[in-house]
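Taking my numbering, the leading residue of the sequence shown gets 521, the next gets one more, and so forth. Comments concern the structure below.
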Amino acid sequence: MMPLATRLVLAFTLSAALASGLLAWWGLGQLRPHYLEATEEALVDTAEVLAALAAEDWPAAPRRLETAWLRVTSRHLSARIYEVVKSRVDLDCILTDAAGIVRFDSLEPAAVGSDASQWNDVWLTLRGRYGVRATAGRDGVRRLHVAAPVLVDGVTVGVLTVVKPESSVDRFIGLAAQAAMLAGTLAVAGAIFAAGLATWWIVAPLRRLTAYAKRVSAGARPEPPPTGPTEVAALGQALAEMREALEGRAYVEAYVQGLTHELKAPLAGLRAAAEVLAEDPPPAERERFIGHLRGEGQRMQDLIDRLLRLAAVERQTAPRRSPLDVLALVIGECAAAQTTAGPAVTITCEPGPALIVTAESVLLASAVRGLLTNAVTFAPAGSVVTAVVASDGRHAEIRIRDHGPGIPPWGLERLGQRFFSLPHPATGRKGTGLGLAFAKAVADLHGGSLTVRNHREGGAEAVLTIGLD
521 MMPLATRLVL AFTLSAALAS GLLAWWGLGQ LRPHYLEATE EALVDTAEVL AALAAEDWPA
581 APRRLETAWL RVTSRHLSAR IYEVVKSRVD LDCILTDAAG IVRFDSLEPA AVGSDASQWN
641 DVWLTLRGRY GVRATAGRDG VRRLHVAAPV LVDGVTVGVL TVVKPESSVD RFIGLAAQAA
701 MLAGTLAVAG AIFAAGLATW WIVAPLRRLT AYAKRVSAGA RPEPPPTGPT EVAALGQALA
761 EMREALEGRA YVEAYVQGLT HELKAPLAGL RAAAEVLAED PPPAERERFI GHLRGEGQRM
821 QDLIDRLLRL AAVERQTAPR RSPLDVLALV IGECAAAQTT AGPAVTITCE PGPALIVTAE
881 SVLLASAVRG LLTNAVTFAP AGSVVTAVVA SDGRHAEIRI RDHGPGIPPW GLERLGQRFF
941 SLPHPATGRK GTGLGLAFAK AVADLHGGSL TVRNHREGGA EAVLTIGLD
């Protein structure tokens with residue numbers, strides 16, 4: 521199927537070409553008549569001037585005209601009329617007497633003495649009207665004839681006709697046609713360029729919407745694209761609303777399923793402890809089971825608190841951004857994590873570049889804190905957890921590595937999913953599985969990513985990326 525952009529460009533181009541073609545066809549069709557009209561108007565002036573000169577020399581005018589025409593036709597001209605060079609006079613003259621008998625003919629000297637009284641130019645002029653005709657001569661060349669009366673004391677004693685070939689305007693018409701074709705070509709080229717701009721203006725928002733829809737279908741949570749034309753903006757708003765509705769349904773379903781699954785174990789523990797306490801056990805047993813109740817209650821409280829924080833981030837569409845020094849934030853979180861971890865694990869932040877991003881500092885700090893907590897949890901006693909800040913030129917990278925047992929292959933793909941957690945290597949207990957999910961949600965909210973992998977030298981490494989300004 522032909523892309524929309526190609527269709528629009530073709531439609532604009534064909535419309536422009538058709539309009540330019542029709543305009544050129546009409547304009548070129550009007551050129552020749554208007555050029556001939558302008559030529560005829562100039563011939564009227566020439567005929568009147570020559571007729572007045574002939575009247576001054578009448579009846580010797582034929583001989584005077586013959587002498588003058590011999591001189592004129594023997595001269596070589598070099599008159600540049602814009603782009604046309606005129607090298608000879610292509611104007612002819614015919615003089616008849618009051619009876620219409622030819623007395624001088626520069627075009628056909630043999631016609632002297634013949635009767636021209638029936639030609640329109642002579643016949644009309646002798647009767648006091650405007651005499652003009654356009655006929656082809658014996659050589660097949662079509663010529664324009666314009667006549668003026670030769671008046672002596674108010675009496676018409678003859679008719680002077682100036683003659684010019686219609687082909688004399690062809691050179692000018694050809695140049696005008698070339699200019700018109702050039703203008704038409706430029707107009708079509710301009711239309712194609714304008715079509716490209718218009719197509720980009722129309723299609724670019726659609727492409728952004730397509731990319732937005734693809735990212736949503738891939739599971740990302742991108743910000744809605746900038747608005748375009750009204751119709752495209754309405755479509756984008758509809759897509760965003762549809763995404764929110766679909767995400768809301770899927771989110772609630774996954775939320776309820778996950779929460780139900782995670783609450784099964786502590787609820788079972790609470791039920792078992794309650795049954796034991798109902799039998800009035802010895803004081804020592806009673807205290808132990810009461811402690812168990814408190815522990816499971818705290819576990820459920822922690823789970824709910826973490827879920828609420830995660831839900832708040834996952835439902836947020838845009839962070840409250842402000843400039844943030846990534847290295848300073850990581851150094852501060854490493855110091856706080858070291859205080860919590862105690863002397864069993866050493867947390868270091870390696871020197872790195874000062875990278876500035878625009879991000880919501882509270883969320884990013886919480887994500888880094890959660891990654892450090894995970895690393896400390898799985899780090900063996902006496903080992904080191906390392907934090908590194910780096911850049912690939914487009915993103916700021918926060919890498920946090922432990923020296924623990926690493927991640928089993930079956931767990932790599934599921935890390936970051938809500939409620940999924942690996943058992944602690946020493947105790948076998950699992951966490952809530954919400955720390956990595958929270959960090960991933962923060963990364964997605966900022967247009968970044970979270971990758972958890974096994975380090976080539978041992979241990980696990982979490983890489984959080986945020987786009988640079």
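Backbone N, C-alpha and C define an ideal beta-carbon position, used for all residues, glycine too.
Under 8 Å between C-beta atoms of Ala654 and Arg663: Working through the sequence shown from its first residue, we reach residue 654 at position 134. Working through the sequence shown from its first residue, we reach residue 663 at position 143. Cβ distance < 8 Å, so Ala654 and Arg663 count as in contact.
Residue range of the alpha helix (DSSP H) that includes Ser634: Position 114 of the sequence shown, counting from 1, holds the residue named residue 634. Here Ser634 belongs to no alpha helix (DSSP H), and DSSP marks it neither H nor E.
Inter-residue Cα distance where the pair is Ala982 and Ala794: Position 462 of the sequence shown, counting from 1, holds the residue named residue 982. Position 274 of the sequence shown, counting from 1, holds the residue named residue 794. C-alpha separation (whole angstroms): 41 Å.
Continuous beta strand (DSSP E) assignments of at least 3 residues falling wholly in the segment 625–696: 652–656, 662–672 and 675–685
Cβ pair count under 8 Å reaching 3, the segment 682–697 against the segment 656–671: yes
Arg806 versus Arg791: straight-line alpha-carbon distance, rounded: To locate residue 806, count along the sequence shown from 1; it is residue 286. To locate residue 791, count along the sequence shown from 1; it is residue 271. Those two C-alpha atoms are separated by around 14 Å.
Contact under 8 Å by Cβ, Val642 with Gly651: Counting from 1 along the sequence shown, the entry for residue 642 is found at position 122. Counting from 1 along the sequence shown, the entry for residue 651 is found at position 131. Contact: yes.
Distance CB(Leu615)-CB(Arg608) smaller than 8 Å: The sequence position of residue 615 within the sequence shown is 95, counting from 1. The sequence position of residue 608 within the sequence shown is 88, counting from 1. Cβ atoms of Leu615 and Arg608: not closer than 8 Å.
Beta-carbon separation (whole angstroms), Ala899 vs His923, contact threshold 8 Å: Counting from 1 along the sequence shown, the entry for residue 899 is found at position 379. Counting from 1 along the sequence shown, the entry for residue 923 is found at position 403. The pair is a contact, with the Cβ atoms about 6 Å apart (cut-off 8 Å).
Straight-line Cα distance separating Leu695 from Arg600: Position 80 of the sequence shown, counted from the start, is the residue given in the question as residue 600. Position 175 of the sequence shown, counted from the start, is the residue given in the question as residue 695. When rounded, the distance between both Cα atoms is 14 Å.
Cβ contact check for the segment 662–677 and the segment 574–585: 3 or more pairs under 8 Å: yes
For Pro725, the three-state DSSP class (helix, strand or coil): Taking the sequence shown and counting its residues from 1, the one referred to as residue 725 is at position 205. Here Pro725 sits in helix by DSSP.
Leu849 - containing alpha helix (DSSP H), residue span: Taking the sequence shown and counting its residues from 1, one reaches residue 849 at position 329. That run of the alpha helix (DSSP H) goes Val846 to Ala861.
First and last residue of the uninterrupted alpha helix (DSSP H) at Val896: Locating residue 896 in the sequence shown gives position 376, where the first residue counts as 1. Ser881 to Phe898 is the extent of the alpha helix (DSSP H) around Val896.
C-alpha distance - His596 paired with Asp625, whole-angstrom precision: Mapped onto the sequence shown, residue 596 falls at position 76. Mapped onto the sequence shown, residue 625 falls at position 105. Each residue's alpha carbon lies about 21 Å from the other.
For His781, the three-state DSSP class (helix, strand or coil): In the sequence shown, the residue the question calls residue 781 occupies position 261. Only weak support exists for where His781 lies, its pLDDT of 47 falling under 50; the value from the coordinates is given anyway. Helix at His781.
CA-to-CA distance, Tyr732 to Gly723, given in whole angstroms: Position 203 of the sequence shown holds residue 723. Position 212 of the sequence shown holds residue 732. Sequence check: residue 723 is Val here, not Gly. Roughly 14 Å between the two C-alpha positions.
Beta-carbon gap between Ala636 and Gly620 smaller than 8 Å: Here residue 636 refers to the residue found at position 116 of the sequence shown. Here residue 620 refers to the residue found at position 100 of the sequence shown. Cβ atoms of Ala636 and Gly620: closer than 8 Å.
Collapsed DSSP secondary structure at Gly987 in the structure displayed: As a position in the sequence shown, residue 987 is number 467, starting the count at 1. In this structure, Gly987 counts as strand in the three-state DSSP scheme.
Residue of Tyr555, Ala907, Asp912 and Leu844 minimising C-alpha distance to Arg691: What you label residue 691 is simply residue 171 of the sequence shown in a count that begins at 1. Among Tyr555, Ala907, Asp912 and Leu844, the Cα nearest to that of Arg691 belongs to Tyr555.
Inter-residue CB distance, Ser911 and Leu988 (contact presumed, cutoff 8 Å): Taking the sequence shown and counting its residues from 1, one reaches residue 911 at position 391. Taking the sequence shown and counting its residues from 1, one reaches residue 988 at position 468. About 7 Å separates the two Cβ atoms, so the contact holds.
Cβ-Cβ distance between Ile927 and Val972 below 8 Å: Taking the first residue of the sequence shown as 1, we reach residue 927 at position 407. Taking the first residue of the sequence shown as 1, we reach residue 972 at position 452. It is a contact, given that the beta carbons lie within the stated cut-off.
Supposed close pair Val666, Ala588 - CB separation, criterion 8 Å: Residue mapping note: residue 666 aligns to position 146 of the sequence shown, counting from 1. Residue mapping note: residue 588 aligns to position 68 of the sequence shown, counting from 1. In fact, because the Cβ distance is near 19 Å, the residues do not count as touching under 8 Å.
Contact set for Pro871: own chain, Cβ-Cβ below 7 Å, skip 5 residues either direction: The count along the sequence shown starts at 1 and reaches residue 871 at position 351. Excluding residues within five positions, none has a Cβ falling inside 7 Å.
Run of the beta strand (DSSP E) containing Val909, from where it starts to where it stops: Walking along the sequence shown from the start, residue 909 turns up at place 389. Note, Val909: beta strand (DSSP E), Val904 to Ser911.
Sheet register partners of Ile712 (DSSP bridge): Position 192 of the sequence shown, counted from the start, is the residue given in the question as residue 712. In the DSSP output, where bridge partners are listed per residue, Ile712 has none listed.
Element boundaries [alpha helix (DSSP H), containing Ser598]: Within the sequence shown, numbered from 1, the residue matching residue 598 stands at position 78. Element bounds for Ser598: n/a, residue is neither H nor E.
N-terminal and C-terminal residue of the beta strand (DSSP E) that Leu615 is part of: For the purposes of this step, residue 615 is taken as residue 95 along the sequence shown, with counting starting at 1. Taken as a continuous stretch (DSSP letters only), the beta strand (DSSP E) holding Leu615 covers Asp612 to Asp617.
The alpha helix (DSSP H) enclosing Val972, as first and last residue numbers: Residue mapping note: residue 972 aligns to position 452 of the sequence shown, counting from 1. Premise fails: Val972 lies in the beta strand (DSSP E), Ser969 to Asn974, not in any alpha helix (DSSP H).
Within 8 Å, strictly: CB atoms of Leu884 and Leu849: Start at 1 with the first residue of the sequence shown, and residue 884 comes out as number 364. Start at 1 with the first residue of the sequence shown, and residue 849 comes out as number 329. Cβ distance < 8 Å, so Leu884 and Leu849 count as in contact.
Member of Ala957, Gly862 and Ala580 whose CA lies at the smallest distance from the CA of Val677: Taking the sequence shown and counting its residues from 1, one reaches residue 677 at position 157. If we check each option's Cα against that of Val677, Ala580 comes out closest.
Reference Ala562; option with closest CA among Ala980, Trp639, Arg583 and Thr681: Within the sequence shown, the letter at position 42 stands for residue 562. Of Ala980, Trp639, Arg583 and Thr681, the residue nearest in Cα terms is Thr681.
Cα-Cα separation between Asp617 and Ala707, rounded to whole angstroms: As a first step, residue 617 must be located in the sequence shown, where it is residue number 97. As a first step, residue 707 must be located in the sequence shown, where it is residue number 187. So the two alpha carbons sit approximately 56 Å from each other.
Assigned secondary structure, Ala980 (DSSP; H/G/I helix, E/B strand, else coil): Position 460 of the sequence shown, counted from the first residue, corresponds to residue 980. Here Ala980 sits in strand by DSSP.
Per DSSP, cross-strand counterpart(s) of Ala916: In the sequence shown, the residue the question calls residue 916 occupies position 396. Note: Ala916 sits in a beta bridge opposite Ser911 and Ile986.
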